[in-house]
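Residue numbers (this note's numbering): 3 to 405. Remarks on the structure that follows.
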Amino acid sequence: MTINTDPQKIDQLLTRGVDEVIDAKNLRNKLLSGKKLRVKLGIDPTSPDLHLGRAVPLLKLRDFQELGHQIIFLVGNATGVIGDSSDKDAERPMLTHEDVKENMKKYVEQAGKIIDLDKAEIRYNADWLNKLGYNEIGHHADAFSLHEFLQRDNIKKRLDAGKRVSLRELLYPLMQGYDSIALEADVEIGGTDQRFNLLAGRVLQEQAGQEAQDIVMGNIIIGTDGRKMSSSWGNTIKLTDTPRDMGEKIMNMPDDIVPVYFENCTRMPQELIDEVFRDADPRYHKLILAGVIVNFYHGESAACDIKDYLQKKFVDKNLDVSEIEEVEIHKCERLDSLETVSILMVRKGYATSKSDAQRKIEQGGVKLDGINVSHGTKILSEDDDGKVLTVGKKIQIRLKCTK
RNA sequence: GGGUCGAUGGCAGAGUGGUCAAUUGCUCCUGGCUGUAAACCAGGCGACUUCGGUCUACGGCGGUUCGAAUCCGUCUCGGCCCA
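Encoded structure:
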């Protein structure tokens, strides 16, 4: 495949969703030269699902791929065990190899929704990192001073707060940096929180006699509640989310982060985005955004369906009963009857425990066909077949009773 | 290695023998308001329950006591200072 050197495309590549490029001039020239570049993105399998935040650099990787460059999707099965604390304000616990292995499988598959895996180089950094000995590690470590490490903002904060900083955490940048040597990377993509680690790659590559990689730092997007997107906050949109979940999360997000998502999480042309924002209605922006994102991850027909659904649910507010997710009522052997509302809620994860379900009911948060479920434990009956159960503002299901 | 302080619910952080399922703040949840969200206001926030209660929980284990998050011993882990 030939390398696309269209200057306009290259500009787009170096700016959209990008916070900073090092060394911008050098990278631009390389891209214009028509040379096929080796572009690396590493992701540690620290949680089972990729989310839209992680997808930002993946989309950037895709941009490179579309221009014809060799992309490398690096699974951090060695770095994942050590754990990077770059984006954390606390020490990250070491994971077990089993955890990492489990997460790894799903990662590659999910990444395949964004990049073309057939043309990508998929690598695992345990293949080289776990072969290093103290001799080499010592050599790498000598390229950095403790002072540099301590100057990192999050490390400094933790030290000032009297929190523990493990020596292990010093190893992380060395590992990520060595990956670049092993892969002979020309470019590395990462989030802005990765700055230190990304720069470590440059230093180590030069130490090893390679040309230093250029760095493309993608924006860090915020979560659906306006805070930093993080799996532990539960404010992520996961790539594995159903179209409906994706759509509803988007409709419920704060208005002012919508443009951020357009820029970083989609590749909708800027002119079209401007067009969308000429309409002042935030709900309209969100509807479009939901459509674009669902289209990308779930396909066109899902996107049409979801826009229709969201329009009805959030704008027209007259959702057809038939469009509400159907949940089957189970039997409850202990009660010798059908299950109760609270058991159903716990089973479906709408409440964390029966006590929690009971509280929601008592507070008037649970309705059956628009009527508050009364105190005590409402036992469902066959008469409830087809009735709509609402829990809070967001959950709505239609009950189904099979005889 | 020595000294010293400390470990409490998702987080922060009170409590220092019974009135503690544990003050308070944040997060979170529910209701109200709103086009959604936010903000704001109100309530809630261990589990189970026949709604009388019952059980589990203040780093682990063991002890003192009628009774322990609180006292003692020991172990594990962390901060700070010294070497």
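Glycine is no exception: its CB is placed at the ideal position from the N, C-alpha and C atoms. All values derive from a computational prediction rather than experimental measurement.
Rounded C-alpha distance that separates residue 48 from residue 125: Numbered from 1 along the first sequence, position 46 holds the residue referred to as residue 48. Numbered from 1 along the first sequence, position 123 holds the residue referred to as residue 125. For residue 48 and residue 125, the distance between alpha carbons rounds to 16 Å.
Where the alpha helix (DSSP H) containing residue 310 begins and where it ends: Within the first sequence, residue 310 is the residue found at index 308, counting from 1. Element bounds for residue 310: 302-312.
Top-ranked residue by Cα proximity to residue 44, from 50, 4 and 113: If you number the first sequence from 1, residue 44 lands on position 42. Among 50, 4 and 113, the Cα nearest to that of residue 44 belongs to 113.
Proximity to residue 339 [Cα-Cα], best of 383, 255, 59 and 315: Taking the first residue of the first sequence as position 1, residue 339 is located at position 337. Here the closest residue by C-alpha is 383.
Under the three-state DSSP convention, the category residue 403 falls into: Residue 403 sits at position 401 when you count from the first residue of the first sequence. Here residue 403 sits in coil by DSSP.
Same chain, Cβ closer than 6 Å to residue 252, neighbours up to 5 away in sequence not counted: Locating residue 252 in the first sequence gives position 250, where the first residue counts as 1. Here the set comprises 288, 291 and 292.
Own chain partners of residue 139 with C-beta closer than 7 Å, once the 5 adjacent residues on each side are dropped: Here residue 139 corresponds to residue number 137 of the first sequence, with the count starting at 1. Result list for residue 139: 176, in chain order.
Assumed close pair residue 238, residue 225 - CB separation to whole angstroms, cut-off 8 Å: As a first step, residue 238 must be located in the first sequence, where it is residue number 236. As a first step, residue 225 must be located in the first sequence, where it is residue number 223. With 8 Å as the limit, residue 238 and residue 225 qualify as a contact, their Cβ atoms being about 6 Å apart.
Identity of the residue in 259, 15 and 100 nearest residue 68 by Cα: For the purposes of this step, residue 68 is taken as the residue at position 66 of the first sequence. Measuring from the Cα of residue 68, the nearest candidate turns out to be 15.
Inter-residue CB distance, residue 46 and residue 86 (contact presumed, cutoff 8 Å): The count along the first sequence starts at 1 and reaches residue 46 at position 44. The count along the first sequence starts at 1 and reaches residue 86 at position 84. That pair is a contact at about 6 Å.
Supposed contact pair residue 145 and residue 205 - C-beta distance, whole angstroms, cut 8 Å: Here the question's residue 205 lines up with position 203 in the first sequence. Here the question's residue 145 lines up with position 143 in the first sequence. The pair is a contact, with the Cβ atoms about 5 Å apart (cut-off 8 Å).
Separation of residue 243 from residue 104, as counted between CA atoms: Here residue 104 refers to the residue found at position 102 when the first sequence is read from its first residue. Here residue 243 refers to the residue found at position 241 when the first sequence is read from its first residue. Cα to Cα, residue 104 sits roughly 19 Å from residue 243.
Inter-stretch contact (C-beta, 8 Å, three-pair minimum) for the stretch 299-315 and the stretch 261-273: no
Check whether residue 187 and residue 215 have beta carbons under 8 Å apart: In the first sequence, counting from the first residue as 1, residue 187 sits at position 185. In the first sequence, counting from the first residue as 1, residue 215 sits at position 213. Contact: yes.
Helix, strand or coil at residue 352 [DSSP, three-state]: The residue you call residue 352 lines up with position 350 of the first sequence. Residue 352: coil per DSSP, three-state reduction.
Residue 177, enclosing alpha helix (DSSP H) - first and last residue: On the first sequence, residue 177 is found 175 positions in, with the first residue counted as 1. Where residue 177 is concerned, the enclosing alpha helix (DSSP H) stretches over 170-185.
For residue 211 and residue 200, believed in contact at Cβ under 8 Å, the rounded distance: In the first sequence, residue 200 corresponds to position 198, counting from 1. In the first sequence, residue 211 corresponds to position 209, counting from 1. Not confirmed; about 19 Å, so no contact.
Same chain only: Cβ atoms within 6 Å of residue 363, ignoring 5 sequence neighbours per side: Position 361 of the first sequence, counting from 1, holds the residue named residue 363. Contacts found: 375.
Own chain, CB closer than 6 Å to residue 185, minus 5 neighbours either side, in chain order: Mapped onto the first sequence, residue 185 falls at position 183. So the qualifying residues of the chain are 42 and 74.
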